[in-house]
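Heads up, the thing below is written out as structure tokens.
Chains as they are written, first to last, in full-length UniProt numbering: chain A, 1 to 185; chain B, 1 to 185.
Set out below in structure tokens:
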């Protein structure tokens, strides 16, 4: 239990003791659920999202075949996009970002799959929703290069002031990006 | 001392005691500095920035007369822009934002001054660097309306993912804004 992210040895002990005390109403159902998830959870063969079937719910939904693919780093980012409920197309989960330091190359990620999806499916736009970190942006440029001659429009999320953001609390990089990308009112 | 922002009664007592203990090396110089600032600090007649002369350092610098005015809410925002060292023009400090609730109208702010500056000085672009809050954006729209027929281009800071930002930690509004303002790679 202590190996879970966010749980140290002490909180793991507390959690385990709590589970044992409430073994009927908490421990058994949790064990059942974990067993079920271990049996059924699998990666979507198309996009890499997690689901219970070969194709995830998003890929299987015919209403989302609108020719847009949103490329995200991880399933947690896909969930963040879904929480915002603003994107109506399908996703492609890379499973990480390129990193020379950690020895992660294009083959370790799901980049070749992405390129073949763009060729096979009727895709008009690839939206790179990668994190605004150095590795994320490197990966974005690599993918943009790969897709350059495929006749598909490649876009990325806007960078700038977050909603509710106050200038005084922003870092210099964000202010610079927001000023450089300023747009007519 | 306890009336200063960020200082409660307890930390004010600690600070005062510290000052009294070090009265030679800390209290007297601080008292002198505060006295000097009280005597000399004044608002720039042009932009509202704080300086020691009628015109602040930014307005007095001829190299910054490049026809761009950056409109900010407060002097702290002007300092944030200067820290980023990316804007080379002059500023206009509103001194607040429009707020029906607090009874702040255009006359309480420095909006009429801004309009007359745009007419008088050789201004080509007004950049609205207001906070991405509701009041800030209301004020931005009001100013854009006021400047509509003056032949000046009105722009605002880009909204989107802040630099270093990870999707998983962003709010829905920012993800929506970033997706809607996405741009070609």
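Note that CB positions come from ideal geometry on N, CA and C, so glycine has one too. All values derive from a computational prediction rather than experimental measurement.
Other residues of its chain near residue i: CB distance less than 7 Å, five sequence neighbours each side excluded
{"i": "residue 24 of chain B", "result": "none"}
{"i": "residue 126 of chain A", "result": "69, 71, 118, 147, 152 and 154"}
{"i": "residue 66 of chain B", "result": "88 and 89"}
Distance between residue j and residue i (C-alpha atoms, nearest Å)
{"i": "residue 174 of chain B", "j": "residue 80 of chain A", "result": "11 Å"}
{"i": "residue 18 of chain B", "j": "residue 51 of chain B", "result": "30 Å"}
{"i": "residue 182 of chain A", "j": "residue 163 of chain B", "result": "15 Å"}
{"i": "residue 146 of chain A", "j": "residue 132 of chain A", "result": "20 Å"}
{"i": "residue 137 of chain B", "j": "residue 105 of chain B", "result": "14 Å"}
{"i": "residue 58 of chain A", "j": "residue 76 of chain B", "result": "45 Å"}
{"i": "residue 158 of chain A", "j": "residue 40 of chain A", "result": "37 Å"}
{"i": "residue 117 of chain A", "j": "residue 111 of chain B", "result": "53 Å"}
{"i": "residue 64 of chain A", "j": "residue 92 of chain A", "result": "13 Å"}
{"i": "residue 32 of chain A", "j": "residue 103 of chain B", "result": "59 Å"}
{"i": "residue 144 of chain A", "j": "residue 139 of chain B", "result": "38 Å"}
{"i": "residue 55 of chain B", "j": "residue 135 of chain A", "result": "45 Å"}
{"i": "residue 94 of chain B", "j": "residue 9 of chain A", "result": "53 Å"}
{"i": "residue 43 of chain A", "j": "residue 168 of chain B", "result": "20 Å"}
{"i": "residue 114 of chain B", "j": "residue 100 of chain B", "result": "20 Å"}
{"i": "residue 38 of chain A", "j": "residue 124 of chain A", "result": "36 Å"}
{"i": "residue 108 of chain B", "j": "residue 83 of chain B", "result": "28 Å"}
{"i": "residue 172 of chain B", "j": "residue 180 of chain B", "result": "12 Å"}
{"i": "residue 229 of chain A", "j": "residue 74 of chain B", "result": "Nothing in the structure corresponds to residue 229 of chain A, since chain A is present only between 1 and 185."}
{"i": "residue 165 of chain B", "j": "residue 45 of chain A", "result": "29 Å"}
{"i": "residue 47 of chain B", "j": "residue 61 of chain A", "result": "56 Å"}
Integer-rounded CB distance, given that residue j should sit under 8 Å from residue i
{"i": "residue 130 of chain A", "j": "residue 86 of chain A", "result": "Rounded, the Cβ-Cβ distance is 17 Å, inconsistent with contact."}
{"i": "residue 184 of chain B", "j": "residue 160 of chain B", "result": "About 14 Å; that fails the 8 Å criterion."}
{"i": "residue 78 of chain B", "j": "residue 49 of chain B", "result": "6 Å"}
Contacts around residue i, its chain only, beta-carbon distance under 6 Å, and the 5 residues preceding and following it disregarded
{"i": "residue 12 of chain A", "result": "1 and 2"}
{"i": "residue 16 of chain B", "result": "1"}
{"i": "residue 53 of chain B", "result": "none"}
{"i": "residue 6 of chain B", "result": "none"}
{"i": "residue 156 of chain B", "result": "128 and 140"}
Residues near residue i in its chain [Cβ-Cβ closer than 8 Å; skip 5 each side]
{"i": "residue 142 of chain A", "result": "98, 106 and 111"}
{"i": "residue 20 of chain A", "result": "27"}
{"i": "residue 150 of chain B", "result": "115, 118 and 119"}
Any non-hydrogen atom of the ligand SAH within 8 Å of residue i CB
{"i": "residue 162 of chain A", "result": "Judged by which ligands are present, the structure shown has none, so any question about the ligand SAH falls away."}
Segments of 4+ residues assigned as alpha helix (DSSP H) that fall wholly inside the stretch 82-144 of chain A = Listed in chain order, the complete alpha helix (DSSP H) runs (minimum 4 residues) inside the stretch 82-144 of chain A are 111-120.
Chain B contacts made by the stretch 77-91 of chain A, where a contact means CB separation under 7 Å | Flagged, chain order: 77, 80, 81, 83, 84, 86 and 87.
Could you run through the stretch 129-163 of chain A and flag, in chain order, every residue whose CB is less than 7 Å away from some CB of chain B?
-> So the list reads 129, 131, 132, 133, 140, 144, 153, 154, 155, 156, 157, 158, 159, 160, 161, 162 and 163, given in the order they occur along the chain.
Complete alpha helix (DSSP H) runs within the UniProt zinc finger region "C4-type" (44-59) of chain A (minimum length 4 residues, chain order) = Counting whole runs of 4 or more residues, the UniProt zinc finger region "C4-type" (44-59) of chain A contains no alpha helix (DSSP H) stretch at all.
Closer than 9 Å, Cβ to Cβ, to anything on chain B: give me those residues from the stretch 163-176 of chain A, in chain order.
-> Within the stretch 163-176 of chain A, the residues whose Cβ lies closer than 9 Å to some Cβ of chain B are 163, 164, 165, 166, 167, 168, 169, 170, 171, 172, 173, 174, 175 and 176, listed in chain order.
Select from the stretch 26-37 of chain A all residues with a C-beta closer than 8 Å to any C-beta belonging to chain B, and list them in chain order.
-> Here the close residues number zero.
Using a Cβ cut-off of 8 Å, which residues of the stretch 106-122 of chain B contact any Cβ in chain A, in chain order?
-> Of all residues in the stretch 106-122 of chain B, none has a Cβ within less than 8 Å of some Cβ in chain A.
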